[in-house]
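Heads up: the structure comes next, in structure tokens.
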Amino acid sequence: MNRYIRNIAFGGFLAATLSIQAQNTNSGYFLDGYTYRYQMNPAFANDKNFVSMPGLGNLNVGVDGTLKLSSVLYNVDGRTCLFTNPNISAEEVMSNIKDKNRVGADIKVNILSAGFKAFGGYNTVSINARASVNAAVPGAFFSLVKEGVANRSYDIDNLAARAMGFGEIAFGHSRDIPKVPGLRVGATVKFLIGVANIDARFNDASLTLGQDGWSGYTDADIYANLGSLQFEHDTNNAGRQYVSGVNTDGEGSIGPNGFGMAFDLGATYKWKDFSFSLAVLDLGWISFKDTKYASTNGKKEVNTNAYTFNVDDNAPNSFDNEWDRLSDDFGALYQLDDNGNIGTRSSALAATLNLGAEYQLPVYRKLAFGFLSSTRIAGKFSWTEARFSANVAPVKCFSADANVAFGTFGTSFGWLLSVHTTGFNLFLGMDHTLGKVSKQFVPLNTNASVNFGLNFLF
Numbered sequence: 000m001n002r003y004i005r006n007i008a009f010g011g012f013l014a015a016t017l018s019i020q021a022q023n024t025n026s027g028y029f030l031d032g033y034t035y036r037y038q039m040n041p042a043f044a045n046d047k048n049f050v051s052m053p054g055l056g057n058l059n060v061g062v063d064g065t066l067k068l069s070s071v072l073y074n075v076d077g078r079t080c081l082f083t084n085p086n087i088s089a090e091e092v093m094s095n096i097k098d099k100n101r102v103g104a105d106i107k108v109n110i111l112s113a114g115f116k117a118f119g120g121y122n123t124v125s126i127n128a129r130a131s132v133n134a135a136v137p138g139a140f141f142s143l144v145k146e147g148v149a150n151r152s153y154d155i156d157n158l159a160a161r162a163m164g165f166g167e168i169a170f171g172h173s174r175d176i177p178k179v180p181g182l183r184v185g186a187t188v189k190f191l192i193g194v195a196n197i198d199a200r201f202n203d204a205s206l207t208l209g210q211d212g213w214s215g216y217t218d219a220d221i222y223a224n225l226g227s228l229q230f231e232h233d234t235n236n237a238g239r240q241y242v243s244g245v246n247t248d249g250e251g252s253i254g255p256n257g258f259g260m261a262f263d264l265g266a267t268y269k270w271k272d273f274s275f276s277l278a279v280l281d282l283g284w285i286s287f288k289d290t291k292y293a294s295t296n297g298k299k300e301v302n303t304n305a306y307t308f309n310v311d312d313n314a315p316n317s318f319d320n321e322w323d324r325l326s327d328d329f330g331a332l333y334q335l336d337d338n339g340n341i342g343t344r345s346s347a348l349a350a351t352l353n354l355g356a357e358y359q360l361p362v363y364r365k366l367a368f369g370f371l372s373s374t375r376i377a378g379k380f381s382w383t384e385a386r387f388s389a390n391v392a393p394v395k396c397f398s399a400d401a402n403v404a405f406g407t408f409g410t411s412f413g414w415l416l417s418v419h420t421t422g423f424n425l426f427l428g429m430d431h432t433l434g435k436v437s438k439q440f441v442p443l444n445t446n447a448s449v450n451f452g453l454n455f456l457f
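Reminder that position 47 of the sequence shown reads as 46 in numbering that gives the first Met the number 0, one-by-one numbering, no gaps.
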């Protein structure tokens, strides 16, 4: 029975890892000379026109989470082992695991961008490729996998994951409002081309393994949009066919699989030595076609009170027969039915709200301090962050930022450097820095990000 309990947990975990929203580098929000500020607030404008180096104008890669790698990988006698190793106690493992754990990765690649002054303001055109994967794993999952059969309840209904990949073509415009001195507004419209979208979640799931009886129930769904993707199948001992995996051997190809639209809206207001800003990003959706759907089709339940054991080996309910049926029924808790292609399904993007305030030192105008509050609105995968920064531009061709952030993913140290001479702009930065400095700020989490860009100014 221990094998089936573990299968339930690993089945849920594999469903989670199947599933996928991208980010910008918040370290550059207040930094003059950072070309892509407009992607965090469309009201921002650059002093010069620009065109990006194809593929290298603005490369963003980030990994974040509340679960550190050392919580699942341990050193045992000089060898790296998974937390399930019997030489590692359950108490040690669970002391490093939170009740709610999050892991995620984001990639945003600028294929081509340009910005220019015209039409009474500043205009931008961007073509980007974006992808993101996020998973939410409850602490009870790790406890279940580590302990196996133990007399307690495991609530794993927070196990979920989402993956999304798409391309975007964005057109932005910002301008000052003469009737309100100090006010500038901007907006970006994005045309989206969906490539992949996978959404897997346990709507409800629990196991109770008590001394007097065992019971369990699950309610799970997987929605998949990815060209030729199709579910693989297996058959259990009871003759029931279920989803056992996925492959891309079906008809179709990986490519455009849906279309949508999104908007960025923003405003800035300058008052004396203060600047205030507000932006809402990615208000939109993508309608994906050819949705493959697998589900438990409602709640599946198992209760050991429904089984009666007979000592007669020839009886239909003999001990061996009933035990096999009980094992199959518990194993079926994570086995989803293939419901085929259900057609078009719309998925909302994860919207982001940015609130900023900046103060420029009167005695040294080249130095400013900023505060940025960012909130990602994405259901189970939502997060918040508060970032304090110091921004300096000692000469016209160079600017730099150093900042510290606090939020859902712990504490992190960030920075960004930008060189912007005549005809040339190069920047490099990180929101979450790895290394000795980061370890002092981030003792509990493993987060990392990098932002690099090469652009031409004119």
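Each residue gets a CB set at the ideal place from its N, CA and C atoms; glycine is no exception.
On a predicted model such as this, the values are computed, not experimentally measured, just so you know.
Kindly indicate the opening and closing residues of the alpha helix (DSSP H) around residue i.
| i | result |
| --- | --- |
| residue 93 | 89 to 94 |
| residue 145 | 138 to 146 |
Grab the span of the beta strand (DSSP E) containing residue i for me, first residue to last.
| i | result |
| --- | --- |
| residue 406 | 397 to 406 |
| residue 165 | 159 to 175 |
| residue 394 | 382 to 394 |
| residue 260 | 257 to 270 |
| residue 97 | Taken as a continuous stretch (DSSP letters only), residue 97 belongs to no beta strand (DSSP E), as it is neither H nor E. |
| residue 375 | 366 to 376 |
| residue 317 | First-last for residue 317: undefined, no H or E at that position. |
| residue 456 | 447 to 456 |
| residue 299 | 299 to 302 |
| residue 338 | 336 to 340 |
| residue 154 | 151 to 154 |
| residue 294 | 291 to 294 |
In chain order, what residues of the same chain have a beta carbon less than 7 angstroms from the beta carbon of residue i, not counting five sequence neighbours either side?
| i | result |
| --- | --- |
| residue 423 | 455 and 456 |
| residue 8 | Low confidence applies to residue 8: its pLDDT is 45, below 50, so where it sits in the model is not reliable enough to give any reading. |
| residue 71 | 81 and 82 |
| residue 115 | 48 and 122 |
| residue 235 | 241, 327, 330, 331 and 334 |
| residue 466 | Residue 466 is absent from the model: the chain starts at 0 and stops at 457. |
Pull the bridge partners of residue i from the DSSP assignment, please.
| i | result |
| --- | --- |
| residue 232 | 242 |
| residue 429 | 414 |
| residue 126 | 111 and 168 |
| residue 501 | Outside the shown range of the chain (0 to 457) lies residue 501, about which nothing can therefore be said. |
| residue 351 | 280 and 375 |
| residue 286 | 258 and 345 |
| residue 420 | 423 |
| residue 42 | Residue 42 pairs with nothing; no bridge assigned. |
| residue 275 | 268 and 356 |
| residue 237 | Beta-bridge pairing links residue 237 to no other residue. |
| residue 121 | 116 and 173 |
| residue 131 | 105 and 163 |
Might you give, ordered along the chain, the residues of its own chain that have their beta carbon closer than 6 angstroms to the beta carbon of residue i, omitting 5 neighbours on each side?
| i | result |
| --- | --- |
| residue 12 | At residue 12 the pLDDT is 43, less than 50, meaning the model places this residue with poor confidence and gives no usable figure here. |
| residue 159 | 135, 200 and 379 |
| residue 407 | 382 and 383 |
| residue 435 | Note that residue 435 has pLDDT 46, beneath the 50 cutoff, so the model's placement of it is unreliable and no number is given. |
| residue 448 | 61, 429, 430 and 431 |
| residue 268 | 181, 182 and 275 |
| residue 303 | 212 and 213 |
| residue 10 | Residue confidence for residue 10 is low, a pLDDT of 44 falling below 50, so the modelled location carries little weight and cannot support an answer. |
| residue 52 | 453 |
| residue 113 | 50 and 124 |
Does any residue of chain D have a CB that is nearer than 9 angstroms to the CB of residue i?
| i | result |
| --- | --- |
| residue 189 | Reference to chain D is not applicable here, since this structure consists of a single protein chain. |
Within the same chain, show all residues whose beta-carbon is closer than 8 angstroms to that of residue i, passing over the 5 residues directly before and after it, in chain order.
| i | result |
| --- | --- |
| residue 282 | 261, 262, 263, 264, 348 and 350 |
| residue 247 | 225, 226, 227, 228, 229 and 253 |
| residue 299 | 216, 217, 218, 331 and 332 |
Sequence ranges, beta strand (DSSP E) only - wholly within the segment 48 to 72, length at least 3 | 49 to 51 and 58 to 64
Taking three-plus beta-carbon pairs below 8 angstroms as touching, is the segment 331 to 338 in contact with the segment 229 to 245?
-> yes
Give a yes or no on contact between the segment 414 to 432 and the segment 390 to 397, applying the rule of three or more CB pairs nearer than 8 angstroms.
-> yes
Are there three or more Cβ pairs, one per stretch, closer than 8 angstroms when the segment 196 to 210 is compared with the segment 263 to 270?
-> no
Indicate whether the contact test is met: 3 or more Cβ pairs, each with one atom in the segment 288 to 299 and one in the segment 353 to 372, closer than 8 angstroms.
-> no
Would you check if there are 3 or more beta carbon pairs closer than 8 angstroms linking the segment 166 to 174 to the segment 184 to 192?
-> yes
Do the segment 93 to 101 and the segment 24 to 34 make contact, defined as three or more Cβ pairs closer than 8 angstroms?
-> no
Quick one: which unbroken beta strand (DSSP E) runs of 3-plus residues sit fully inside the segment 183 to 232? Chain order, please.
-> 213 to 224
Counting pairs of beta carbons, one from the segment 209 to 223 and one from the segment 272 to 280, are three or more of them closer than 8 angstroms?
-> no
Quick check: the segment 338 to 346 against the segment 366 to 378, are there 3 or more CB pairs under 8 angstroms?
-> no
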